[in-house]
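Below is one structure, written out as structure tokens, with a few remarks after it.
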Amino acid sequence: MNIKTPIIMEAVFILIALVIYLVTSNTFFIFNFLYIGSAISIGLYFMAKNNRYARNIIMLAVGSYLFFYLGILGHENLSMSGFWYYLFLGVFEAAVIHFLIAKILGPLLFGRGWCGYACWTAMVLDLLPYKTPQNPRKNWGYIRYVLFLVILCVVSSIFILKISNPDLIIYYLFIAGNLAYYIIGIILAYKLKDNRAFCKYVCPITVFLKIFSYFALLRVKVDEDLCVDCGKCIKSCPMDVDMLDNSRKRENATECILCLNCVHACSKDALKL
Ligand code: SF4
Ligand code: SF4
Ligand code: SF4
Numbered sequence: 001m002n003i004k005t006p007i008i009m010e011a012v013f014i015l016i017a018l019v020i021y022l023v024t025s026n027t028f029f030i031f032n033f034l035y036i037g038s039a040i041s042i043g044l045y046f047m048a049k050n051n052r053y054a055r056n057i058i059m060l061a062v063g064s065y066l067f068f069y070l071g072i073l074g075h076e077n078l079s080m081s082g083f084w085y086y087l088f089l090g091v092f093e094a095a096v097i098h099f100l101i102a103k104i105l106g107p108l109l110f111g112r113g114w115c116g117y118a119c120w121t122a123m124v125l126d127l128l129p130y131k132t133p134q135n136p137r138k139n140w141g142y143i144r145y146v147l148f149l150v151i152l153c154v155v156s157s158i159f160i161l162k163i164s165n166p167d168l169i170i171y172y173l174f175i176a177g178n179l180a181y182y183i184i185g186i187i188l189a190y191k192l193k194d195n196r197a198f199c200k201y202v203c204p205i206t207v208f209l210k211i212f213s214y215f216a217l218l219r220v221k222v223d224e225d226l227c228v229d230c231g232k233c234i235k236s237c238p239m240d241v242d243m244l245d246n247s248r249k250r251e252n253a254t255e256c257i258l259c260l261n262c263v264h265a266c267s268k269d270a271l272k273l
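Spelled out as structure tokens, the structure:
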């Protein structure tokens with residue numbers, strides 16, 4: 001990774017902070033995006049220096065802030081249920097802004113960077129023992145679409161049935177949903193010997209992420225003149241991406257989380273972001 005990347009990333013987050021502040025007049029967003037941008041930029045600096053734990057530390061810093069500070073203490077449901085809830089209410093606040101930046105518009109620029117550097121579910125899953133998949137990928141991707149529809153129906157029913165105390169319900173949904181994600185994610189990781197099994201088959205957010213990251217500007221690409229086909233990069237990938245094919249239609253193209261394991265695994269310097 002180029003040493004300029006952390007500086008560019010910090011600049012991008014300062015820009016986002018200013019734009020969101022101008023739109024909402026809420027000074028919280030300045031603090032929020034400066035914190036996230038600085039955590040990511042400092043981590044990227046250490047990644048550029050080949051610190052092997054830098055990405056995990058970024059995830060813990062950003063994911064814990066979003067989940068514990070904003071979610072649990074601040075009662076901001078930043079999950080998919082919160083996104084639909086505040087969108088239906090017409091409130092352009094935390095969850096809607098969060099989804100727009102991290103999961104809908106942002107992926108056009110940085111793909112699934114959210115999944116590699118900020119997700120509070122994966123910050124725990126990535127600490128489990130199976131950092132690269134030990135078994136072939138299963139054909140279970142349909143589960144994410146089922147869960148996506150279930151969440152949409154649950155949130156819609158709050159409005160259709162005019163359930164009282166909807167804010168409290170949405171808060172409990174945030175806690176219960178994320179607890180379930182942690183439990184399912186950890187069980188799947190051990191059963192399938194794959195830390196990222198939950199991401200591959202269950203996570204409903206990937207319905208958005210996979211669509212928009214297909215067009216991502218930031219992608220890992222191979223220089224075929226330098227590559228000697230040793231296959232080390234493929235073995236190092238937690239998401240089964242065929243990074244040796246530069247086309248957008250490469251195998252599991254929309255699964256890349258920009259972890260850069262493949263880039264670090266290549267001794268020929270043939271892979272670049
Ligand atoms: S796929 Fe879902 S659980 Fe996995 S890192 Fe991305 S958002 Fe988090
Ligand atoms: S690790 Fe490098 S040299 Fe080996 S296959 Fe991958 S890109 Fe090619
Ligand atoms: S190892 Fe490379 S291709 Fe695989 S997810 Fe990480 S950055 Fe993407």
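So that you can map any letter, position 220 of the sequence shown is 220 in the UniProt record's numbering, and since no number is skipped, the others follow by simple counting. Every residue gets a Cβ at the ideal spot worked out from N, C-alpha and C, and that includes glycine. All of these numbers come straight from a predicted model, not from anything done at the bench.
- Counting along the chain, the unbroken alpha helix (DSSP H) around T24 starts and ends at 5 to 24.
- With respect to A216, L109 sits close: the two C-beta atoms are nearer than 8 angstroms.
- DSSP places V207 in the helix class (H, G or I) of the three-state scheme.
- Short note on W84: C-beta not closer than 7 angstroms to any heavy atom of ligand 1.
- Within the same chain, V222 come within 6 angstroms of L244 by CB-CB distance, once the 5 residues on both sides are set aside.
- Beta-bridge partners assigned by DSSP to L271: V222.
- In this structure, V96 keeps its C-beta atom at 8 angstroms or more from the C-beta atom of F88.
- If you draw a straight line from the Cα of L127 to the Cα of C119, it comes to about 13 angstroms.
- Here the segment 32 to 50 makes contact with the segment 3 to 18; the two share three or more CB pairs at distances below 8 angstroms.
- Separation of the CB atoms of C227 and K191 is rounded to 34 angstroms, and the pair is thereby denied contact status at 8 angstroms.
- Comparing alpha-carbon positions, the option among T27, N77, N2, S41 lying closest to A11 turns out to be S41.
- Relative to ligand 3, even the nearest heavy atom lies 7 angstroms or more away from the CB of C227.
- Following the DSSP letters along the chain, one finds C115 inside the alpha helix (DSSP H) bounded by residues 113 to 117.
- For P129, there is no enclosing alpha helix (DSSP H), since its DSSP letter is neither H nor E.
- Relative to the Cα of C115, the nearest Cα in the group A270, L271, I72, C259 belongs to C259.
- Looking at the backbone, the Cα of F212 and that of G111 are separated by about 7 angstroms.
- Within the model, the alpha-carbon separation for Y142 versus A270 is close to 34 angstroms.
- Using a cutoff of 7 angstroms, the CB of C259 does not count as near ligand 1, since none of the ligand's heavy atoms is closer than that.
- Excluding its 5 nearest sequence neighbours in each direction, N56 has C-beta neighbours in its own chain below 8 angstroms: M123, D126, L127, listed in chain order.
- Contact between the segment 146 to 155 and the segment 240 to 256 is absent: fewer than 3 CB-CB pairs across the two stretches fall below 8 angstroms.
- In the three-state scheme derived from DSSP, where H, G and I count as helix and E and B as strand, R250 is classed as coil.
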